[in-house]
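Per this note's numbering, residue 1 is the first one in the sequence shown, and the count goes up by one each step.
Step one of this worksheet: look at the structure below.
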Amino acid sequence: MIDPDRRAEILLALEEIEHKCEVKIILAIESGSRAWGFPSADSDYDVRIIYAHPRDWYLSVFEGRDVIEQAISGDLDIGGWDLRKTLRLLAAGNAVVHEWLASPIVYRQDETATAKLKQLAIQAFDPRATYHHYLSMAAKKLEVLEGEQVTAKRFLYGMRTLLCARWVAEIGSAPPMRFADLLQRYVPESTPEAEHIANLMRKKALGSEKDIEEEVEQLLAYSRGMISTLKNSVAPQAHKPNAIALDACFRDLLR
Numbered sequence: 001m002i003d004p005d006r007r008a009e010i011l012l013a014l015e016e017i018e019h020k021c022e023v024k025i026i027l028a029i030e031s032g033s034r035a036w037g038f039p040s041a042d043s044d045y046d047v048r049i050i051y052a053h054p055r056d057w058y059l060s061v062f063e064g065r066d067v068i069e070q071a072i073s074g075d076l077d078i079g080g081w082d083l084r085k086t087l088r089l090l091a092a093g094n095a096v097v098h099e100w101l102a103s104p105i106v107y108r109q110d111e112t113a114t115a116k117l118k119q120l121a122i123q124a125f126d127p128r129a130t131y132h133h134y135l136s137m138a139a140k141k142l143e144v145l146e147g148e149q150v151t152a153k154r155f156l157y158g159m160r161t162l163l164c165a166r167w168v169a170e171i172g173s174a175p176p177m178r179f180a181d182l183l184q185r186y187v188p189e190s191t192p193e194a195e196h197i198a199n200l201m202r203k204k205a206l207g208s209e210k211d212i213e214e215e216v217e218q219l220l221a222y223s224r225g226m227i228s229t230l231k232n233s234v235a236p237q238a239h240k241p242n243a244i245a246l247d248a249c250f251r252d253l254l255r
């Protein structure tokens, strides 16, 4: 849950962005650990937006800047992508767009436009690209943890991407944002790994992002085994998104 005062602060910041940048925000969500379900006491608010310019902005010889990046203010980090960029990323199999559309924490949305984007995202989902995205991230995060001091944040981030890769390999759809949903499917409560992960989540919730964990070797070994197994998996091949459908969605939303 987001504190009502912080939500009000975020909504005001979104209004200021619309006015300053002359855009319409289609969707504003929380990404990162708050949306995944394991924030720390000092976690940032990672607000991500999908927005559109007025129609004439797109009718230009030279394309304008298609991202908004606000300077981080305290623990508030706001940024996002233009609608056309978002659709191009969907066509390219970008996993992040799917995460934004699936976030359980929504600050603002144009419900009709967001529903159209979600439907298009289902059609454009690329299991193979998404699988390799998550598996590569998980392998890199695990490699960084080897031989170094481990924080609950670093380990949980790595475990989440690993379980996302497994989800895509086995189910072939975009993984859920909530870490608890991934754990429920792949790490049964009765296992030692589930107990260790739950303990890390409790420590992260009560402590700092930088607190060091000492006893994670069993979980690291568990992660190594899962990565080794997943490297021999192949996610299903996707159908390429229909350019006509992408253009139709783009034009429709601009109206």
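Using N, Cα and C, we set each Cβ at its ideal position, and we do this for glycine too.
None of the values given here were measured: they were computed from a predicted structure.
Span separating the alpha-carbon of Thr-130 from that of Ala-95 = 6 Å
CB contact flag (Ala-121, Leu-142, <8 Å) = no
With 16 other Cβ atoms within 10 Å as the buried cut-off, status of Glu-217 = exposed
Reference Ile-68; option with closest CA among Leu-156, His-133, His-53, Leu-59 | His-53
Tell me whether the beta-carbon of Tyr-107 lies closer than 8 Å to the beta-carbon of Arg-6.
-> no
Are Glu-18 and Lys-24 close, meaning C-beta to C-beta below 8 Å?
-> yes
What separation, rounded to the nearest whole angstrom, lies between the Cα atoms of Met-159 and Pro-188?
-> 14 Å
May I ask which residues mark the beginning and end of the beta strand (DSSP E) holding Ala-180?
-> Premise fails: Ala-180 lies in the alpha helix (DSSP H), 179-186, not in any beta strand (DSSP E).
To the nearest angstrom, report how far apart Lys-203 and Ala-194 are at their CA atoms.
-> 14 Å
Report the option in Asn-242, Ile-171, Gln-184 whose CA atom is closest to the CA atom of Ala-235.
-> Ile-171
Taking Pro-241 as the reference, which of Lys-118, Leu-59, Ala-92 has the closest Cα?
-> Ala-92
Count the C-beta pairs between the segment 134-141 and the segment 242-252 that are closer than 8 Å, then say yes if the count reaches three, no if not.
-> no
Inter-stretch contact (C-beta, 8 Å, three-pair minimum) for the segment 22-41 and the segment 164-182 = yes
Identify the residues that DSSP records as bridge partners of Asp-46: which are they?
-> Ser-31, Asp-77
Expressed to the nearest angstrom, what Euclidean distance is found between the alpha-carbon atoms of Tyr-157 and Cys-164?
-> 11 Å
Put Asp-82 into one of helix, strand or coil per three-state DSSP.
-> strand
Could you give the distance in angstroms between the alpha-carbon of Leu-135 and the alpha-carbon of Trp-167?
-> 11 Å
Using the beta-carbon count (16 or more within 10 Å), is Asp-3 buried or exposed?
-> exposed
DSSP state of Glu-170, grouped into three classes?
-> helix
Simplified DSSP assignment, three categories, for Ala-52 = strand
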